[in-house]
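Numbering (full-length UniProt numbering), first residue to last: 1 to 141.
We treat Cβ as the ideally placed atom computed from N, Cα and C, and that holds for glycine.
Working notes, structure below.
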């Protein structure tokens, strides 16, 4: 897509500039050149702005994965506790629905949350979630 856009812009600009060289009116030449410059600048800002947003989203997703891995290692969470924590962070469901989603009983879910509370020195599910996001920002416990 980028190469085709570049070629199209080159053809359009070349055509306009060749017609300008045949004209003798300098004022109209200057106005057309300024308008073309503004058009190309706006187009490039839009094009590169979209690409930078995509790369920012990809980088933030990658850094979220790294932060989760670091958090799990720091507090020695089991694989299942990690799954429970990820679900708690991404879901606004109640405990019963979360347990069904993870295919475990509510008692098992409460046990996993309790174990994570002990490891992170928090007192509740909400406290665990807040602690994770605070730890995530500061990079330490």
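(message) Mapping the DSSP letters down to three states, classify residue 77 as helix, strand or coil.
(response) Along the chain shown, one-based indexing puts residue 77 at 77. It is coil, neither helix nor strand.
(message) So, at 8 Å on beta carbons, what are the nonlocal neighbours of residue 102 in its own chain, with the 5 sequence-adjacent residues on each side left out?
(response) For this step, residue 102 is matched to residue 102 along the chain shown. Around residue 102, the same chain offers 83, 84, 87, 109 as residues with beta carbons nearer than 8 Å, after the five sequence neighbours per side are excluded.
(message) Can you look up residue 103 in the DSSP assignment and give me helix, strand or coil?
(response) Translated into the one-based positions of the chain shown, residue 103 becomes position 103. Three-state result, residue 103: coil.
(request) Would you please state the rounded distance, in angstroms, between the beta carbons of residue 113 and residue 89? I believe it to be under 8 Å. (result) As a first step, residue 113 must be located in the chain shown, where it is residue number 113. As a first step, residue 89 must be located in the chain shown, where it is residue number 89. Not a contact, Cβ separation roughly 12 Å.
(message) Rounded to whole angstroms, what is the Cα-Cα separation between residue 65 and residue 47?
(response) Start at 1 with the first residue of the chain shown, and residue 65 comes out as number 65. Start at 1 with the first residue of the chain shown, and residue 47 comes out as number 47. C-alpha separation (whole angstroms): 28 Å.
(request) Grab me the residues of residue 115's own chain with a C-beta within less than 7 Å of its C-beta, minus the 5 sequence neighbours each way, in chain order. (result) As a position in the chain shown, residue 115 is number 115, starting the count at 1. Cβ within range, chain order: 81.
(message) So the candidates are 40, 74, 75, 126; which of them puts its Cα closest to the Cα of residue 10?
(response) In the chain shown, residue 10 corresponds to position 10, counting from 1. Of the candidates 40, 74, 75, 126, the one whose C-alpha sits nearest the C-alpha of residue 10 is 40.
(request) With DSSP as the reference, label residue 65 as helix, strand or coil. (result) Translated into positions along the chain shown, residue 65 becomes position 65. Of the three classes helix, strand and coil, the one that applies to residue 65 here is helix, per DSSP.
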